[in-house]
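Just so we're aligned: 73 in my numbering is position 66 of the sequence shown, and the numbers increase by one with no gaps anywhere. Reviewing the structure listed below.
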Amino acid sequence: MKRIILAGVTALALAAPAYAQTTTITIEPEQRTKIKQYVIEKKMKPVTVQEEIRVGATLPSSVELHAVPADWGPGLTRYRYVYSGDDIVLVEPSSRKVIQVIE
């Protein structure tokens, strides 16, 4: 019985880091340029957030998230974005976690 419990605890310990990982995406330089140009052309108003915006951080509910346009790429349309300072921040909408900061 102890072996079964020990095996279960070991399996959970090994699996825990996988659940804690943050979603990461790869955005090619050309795609980054396209995204920046879009935000500049649309004259998006930047938001100000008290907390540091970094990958893995959660944005407050007071920050309005914008839909990602389809021309940014099909892999990005499931996310939302905000413009903060000079950065475009991609966000997982359900958790409001930052997944990418485009500087």
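A virtual CB, placed ideally from N, CA and C, is assigned to each residue, including glycine.
Separation of residue j from residue i, as counted between CA atoms
i	j	result
Pro53	Val89	8 Å
Glu59	Asp94	12 Å
Val75	Val96	11 Å
Glu3	Tyr45	The requested residue 3 does not occur in the structure, where the chain is confined to residues 8 to 110.
Thr40	Lys104	23 Å
Arg61	Gly92	13 Å
Residue environment, residue i, which counts as buried when at least 16 other CB atoms sit within 10 Å
i	result
Gln107	buried
Ile42	buried
Arg87	buried
Sequence-distant residues of the same chain with beta carbon closer than 7 Å to residue i, five excluded per side
i	result
Val70	Val54, Val56 and Val89
Met51	Tyr90
Reference residue i, options the options, closest by Cα
i	options	result
Leu66	Glu110, Glu99 and Ile32	Glu99
His73	Gly63, Thr84 and Gly80	Thr84
Glu35	Gly92, Arg61 and Gly80	Gly80
Gln38	Gly63, Asp78, Lys104 and Val62	Asp78
Contacts around residue i, its chain only, beta-carbon distance under 8 Å, and the 5 residues preceding and following it disregarded
i	result
Ser102	Thr65
Ala27	Reliability of the predicted coordinates at Ala27 is poor, the pLDDT of 46 falling under 50, and no value is obtained from them.
CB contact flag (residue i, residue j, <9 Å)
i	j	result
Gly82	Ile47	no
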